[in-house]
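FYI, in the working numbering the residues of the sequence shown are 7 to 409. Taking it in order: structure first as structure tokens, then the write-up.
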Amino acid sequence: MLGSLARWWRGEPGPEAAAPPPSEAPGPLIWMQVGPEAASAGLDGVRQVLARLDRLRPGMRVMLALPPGPEQALPDTVEAAVPPEDSLAAARDLLDRVRPGLVVLFGNDLPGALITAADRAGIAVMMVDVFLPPPARRLGRFGQRGLLRRIRRIVVRDQASFGLLERQGLDPAQIDVGGALGLPPKPLRCSEAERASMASLTHTRPVWLAAAVPPAEIDAVLAAQAHAQHHAHRMLLILAPDQPDDALELGDRLTDAGWAVASRSLEGEPDAETEIFLADDPAEYGLWYRIAPVSYMGGTLIGAASQGRSPFEPASLGSAVVHGPQTAPFAADYARLDEARAARSIHDDTSLGEAIADLMSPDRAAVLAHNAWAVTSGGAAAAEAIVRAILREFDAARAERTS
7 MLGSLARWWR
17 GEPGPEAAAP
27 PPSEAPGPLI
37 WMQVGPEAAS
47 AGLDGVRQVL
57 ARLDRLRPGM
67 RVMLALPPGP
77 EQALPDTVEA
87 AVPPEDSLAA
97 ARDLLDRVRP
107 GLVVLFGNDL
117 PGALITAADR
127 AGIAVMMVDV
137 FLPPPARRLG
147 RFGQRGLLRR
157 IRRIVVRDQA
167 SFGLLERQGL
177 DPAQIDVGGA
187 LGLPPKPLRC
197 SEAERASMAS
207 LTHTRPVWLA
217 AAVPPAEIDA
227 VLAAQAHAQH
237 HAHRMLLILA
247 PDQPDDALEL
257 GDRLTDAGWA
267 VASRSLEGEP
277 DAETEIFLAD
287 DPAEYGLWYR
297 IAPVSYMGGT
307 LIGAASQGRS
317 PFEPASLGSA
327 VVHGPQTAPF
337 AADYARLDEA
347 RAARSIHDDT
357 SLGEAIADLM
367 SPDRAAVLAH
377 NAWAVTSGGA
387 AAAEAIVRAI
397 LREFDAARAE
407 RTS
């Protein structure tokens, strides 16, 4: 079976599907098929597309094919199906019985038999929510241009994926950049009274947060704080250890090293002399992201955090994101932020300190925060762009058949 875009880029085979085709359905409709990789990330984005399609074109019939797995709740207007086996015979049988007006493939998976059979039958095929992650972008020759040229339209998440396909010879007019599907993350909550109290204590001071910092990165964070203090001597670091139980021992160590330290569990709030405030309650990240205009995501410098946090947490609350090269398990999220110029990437202790000092400029931090907000809230716009692209292709294909 032909695999996904990313697998073909790596030269790896994909798994075979063995599900039977759906029952016969009269009249033209849209056949949508979600690949295994896309399904594993959840169906929130697919549901957004279905809901917007129903609003823009009431009565449009949709048959949605999902890979084997738990039963999914779908709108009443959508008929659930399973993908056909990846053979030309199975694909031809499906298309003969279902007679779709358009085939829409979600994600990177390329079912070669279905694409080939649809092309031979004169049925338009498009791909949406296509995203080639950074490892795929760095690898060798992309080898399936012939199959991709049979796709009428490809809607990619980002400009980097667009550039990759264009460099491999696809017509730029065949590719759209639609953004990333998905519901915006729910902002972490906090007590408004606590936020107002903390803001009144820190509003005249430059503040940054080091979130979920593992022991192996403590020295790097301290060096960054010392460097940043040369540029803003009243700089306050809110330090959230990766392991909250380490906070008391860490506080003693920092005090012995000459830092003015307070902690949430003991003093409650920083005073005017506090240089490092230990945030030792993981339930309060929503408070710290709101207080700190800049957040360094702990564990990304050397990859040692056991309780790493998603960069969308601070991004959705207006805190500029700083991160190192070790971005797992949130590599795709960091890639989206980086490509949108919504985060600052660093590579060592020195660059961390320089980034923190630089982002104490409100204008610079505000640019990152604004771009990050656009990324984390952009799923609705992506769904709108994809639905309008689907309707254009559906209407164009129908006009071709009747002309």
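All residues carry an ideal CB built from backbone N, CA and C; glycine is no exception. Owing to the predicted nature of the structure, the values given are computational and were not obtained by experimental measurement.
Straight-line measurement puts the Cα of Ala226 at about 41 Å from the Cα of Val161.
DSSP places Val213 in the strand class (E or B) of the three-state scheme.
Look at Ser357 here: in three-state DSSP terms it is helix. DSSP places Asp125 in the uninterrupted alpha helix (DSSP H) bounded by 118–127.
In this structure, the alpha-carbon of Ala119 lies about 5 Å from that of Asp92. In the DSSP assignment, the residues bridged to Leu243 are Trp214, Ile282.
Here Gln39 carries a strand assignment [DSSP, helix/strand/coil].
Here the C-alpha atom of Ala388 lies approximately 13 Å from the C-alpha atom of Gln165. Selection Phe283, Arg105, Leu70 evaluated against Pro89 yields Leu70 as nearest (Cα-Cα).
For the set Leu215, Val136, Arg195, Arg201, the Cα lying nearest the Cα of Asp182 is the one of Val136. Every alpha helix (DSSP H) stretch that sits fully inside the stretch 157–243 and reaches 4 residues is listed by chain position as 165–173, 198–208, 224–237. When C-beta atoms of the stretch 301–321 are compared with those of the stretch 334–342, three or more pairs fall below 8 Å, so the two segments count as touching. The three-state secondary structure of Leu49, taken from DSSP, is coil. Distance from Val104 to Ala124 at the Cβ level is roughly 11 Å; contact not present, criterion being Cβ atoms closer than 8 Å.
Shown here, Phe112 sits in a strand according to DSSP, grouped into three states. For a cut-off of 8 Å, the C-beta gap from Ser312 to Asp248 is around 6 Å, short enough to register as a contact.
Three or more Cβ pairs closer than 8 Å define a contact, and the stretch 189–200 falls short of that threshold against the stretch 354–366.
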